[in-house]
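I have placed the structure first, in the form of structure tokens, so that the comments after it can refer back to it.
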RNA sequence: GACCCCGUAGCUCAGCUGGAUAGAGCAACGGUUUUCUAAACCGUCGGUCGCAGGUUCGAGUCCUGCCGGGGUCGCCA
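In the working numbering, the protein residues as written are 33 to 639.
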């Protein structure tokens, strides 16, 4: 439709009624919020009025005149300040539905991405324990976003960054070492302050005990620590991968932070749903220090210097010590203060290796990167974007999606967790209780930057109040209609492709009831929705759209109760039945496609 | 003190990147079933879009300043 409006304005330009060279980018043609305003509306006259030095309504009349001759347009009206409302002929909706049915699972796929490479990094939970519910939200969000971007035509790489180089993995190793001594029969008492108290390291300790016996105890810490650390990290990553698999969250690549510095890949190869190889970033020997390289590059650009920082505001830092340090001039890029790259003991800060990591992404050809982080990392966004800008010479772009906290409830009552005992609520426990579909859908049924209340009791309720159930029921109901439709159309194939091929041949012009046309209109919005959601990096829009589509479908179904002639299956009228089932096919196809993007199953029946 | 996010119906939230009379669900009240799944549907009630300015044909949406809630603030992860 947009092309038709453009054509109409072009015609006015060549007729000399409009000046040439107008900016047409702000012209939109879309379904109006209020259906009584027609099927489509355009703001063309209001957008062009000022630059063309014309009155909006007069200009609208001129454009409307051109559009009236279009064979698919039934009515053109001018309303309000200069909107042009279009009512399409039923044939236009028949065309739209036909396209949806024919395209099947490909309906809504877009070429807007043009195979542009995008890197989406999500989860990246530290390998120091199993995934908790906060990680879970980021995992589901990132996974669905990646699905969406692929559907929109981008070349997406899904990535997990393993923080296996910092102090916290040494803490992990010391904790595991205690569990090892415990496994050897020692009474270790309560876990000392600062170590990981969770009991998930007991298995690690037991393995170490059976593999090494007393040997590790005989060593100095410098000797046993790397051994224990590697074992513990590998086991924790295996844990996390299991948690990801339970959620059906996949990655293409697990990127080791340690490999940036040491050039050594972690020797972990996994198979299964969350499978991916760990990247080898450097040839060996000699292992180049990619962090040092990144810093050197920035230093050459003059954005790294030695200097002092003012003491931190807010909560007092106990061991603060004023000293000269290596700083990145992030203030040049809009950050509040410059940021340190080296710790006082001479090792790199996380920020330093994060710069090297993002440089690696840039070097691997990604000009667009999306990071999914927890909201507590919000203060980190500006400096990271600053670093990306600097290290890519302004060519690469980083979008950070902050995922807000999840508050778990049961029947409206917050579930309390005791951090003291190391008892965070685990992702796997929630999945086990309410199922993967409910977790995934509810995590996506909210904007990423809004707090999320997740009620364990409500998500397994079977009612309209439960969006997951409601949308899935829509899909199942459609399948049920196909099964019953066999009475009138005995030759209807059961497989989706075959069925769609048959139904596509139906005479769709028979669908002329206003409610039916409204439902088809909703189906026809799907491709545009995909593009808008992909553009904004907002998968939650799909979830909301599916809920609306399911709602209209349930409504349409119920109309048949009062008005039998509107039922999907009409005895003795195979032609009308075929047309109606084509409409159901359109709904079911979009529901299935949308649920697939969210990673939620589309059941055949609900019983 | 600075920065980031949030503030829309009694509650939980959408609002398609600036469009027309701001929408759903829940809650409350009323109705619909000899029916293709009532696990559903329809209706009624409910609003100073936190407040005040500004930008323009037009603001819940963009800008500025306040108010309220949350988060973060050198080497933590």
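Note that beta-carbon positions come from the ideal geometry of N, C-alpha and C, so glycine has one too.
- Beyond the five residues adjoining it in sequence on each side, residue 607 comes within less than 8 Å, by CB distance, of 538, 539, 542 in the same chain, given in chain order.
- Per DSSP, the beta bridge partners of residue 187 are 149.
- Beta-bridge pairing by DSSP links residue 116 to 74, 110.
- Where residue 438 is concerned, the enclosing beta strand (DSSP E) starts and stops at 438-442.
- Following the DSSP letters along the chain, one finds residue 288 inside the beta strand (DSSP E) bounded by residues 285-288.
- Judged by pairs of C-beta atoms under 8 Å, the stretch 327-341 touches the stretch 363-371, as three or more such pairs exist.
- Of the candidates 120, 95, 91, 144, 144 places its Cα closest to the Cα of residue 559.
- Non-local C-beta neighbours of residue 323 in its own chain, meaning closer than 7 Å and more than five positions away in sequence, comprise 292, 293, 380, 384, 385, 388, ordered along the chain.
- The DSSP-derived three-state label of residue 360 is strand.
- Contact check for residue 286 against residue 475 fails: the beta carbons are separated by 8 Å or more.
- For residue 477, the three-state secondary structure derived from DSSP is coil.
- Under the three-state reduction of DSSP output, residue 282 falls in the coil class, being neither helix nor strand.
- DSSP, reduced to helix, strand and coil, places residue 237 within a helical segment of the structure shown.
- Taking 3 residues as the shortest admissible run, the stretch 321-398 contains the following complete beta strand (DSSP E) segments, listed from N- to C-terminal end: 336-339, 357-360.
- As computed with DSSP, residue 61 is found in a beta bridge with 74.
- The C-alpha of residue 83 is placed about 21 Å away from the C-alpha of residue 97.
- Closest option to residue 404, judged by alpha-carbon separation, among 157, 146, 239: 157.
- Secondary structure note for residue 608: its alpha helix (DSSP H) is the uninterrupted segment 606-630.
- Going by beta carbons, residue 60 and residue 41 fall outside the 8 Å limit.
- The C-alpha of residue 177 lies about 12 Å from the C-alpha of residue 191.
- Distance from the CA atom of residue 260 to the CA atom of residue 441, rounded to whole angstroms, is 38 Å.
- Under the three-pair Cβ rule at 8 Å, the stretch 606-623 counts as touching the stretch 510-529.
- The way I'd put it, the stretch 476-488 does touch the stretch 430-447; three or more beta-carbon pairs between them come closer than 8 Å.
- Counting along the chain, the unbroken alpha helix (DSSP H) around residue 95 starts and ends at 88-99.
- When the alpha-carbon of residue 623 is set against those of 56, 140, 154, 516, the nearest one is in 140.
- By the C-beta density criterion, residue 518 is exposed, having fewer than 16 other C-beta atoms within 10 angstroms.
- Membership of residue 529 in any beta strand (DSSP E) is not indicated; the residue belongs instead to the alpha helix (DSSP H) covering 528-535.
- For residue 573 and residue 393, the gap between their C-alpha atoms comes out near 28 Å.
- Annotated as proximal: residue 566 and residue 180, with beta-carbon spacing under 8 Å.
- Burial state of residue 219 is exposed, judged by a 10 Å Cβ sphere holding fewer than 16 other Cβ atoms.
- A check of alpha carbon separations from residue 39 across 95, 70, 81, 68 identifies 95 as the nearest.
- Here residue 430 is bridged, per DSSP, to 401.
- Rounded to whole angstroms, residue 447 and residue 246 show a C-alpha spacing of 42 Å.
- Partner residues in the beta bridge of residue 164, as assigned by DSSP, are 458.
- DSSP, reduced to helix, strand and coil, places residue 546 within a helical segment of the structure shown.
- Ranked by Cα distance from residue 126, the first of 615, 206, 636 is 615.
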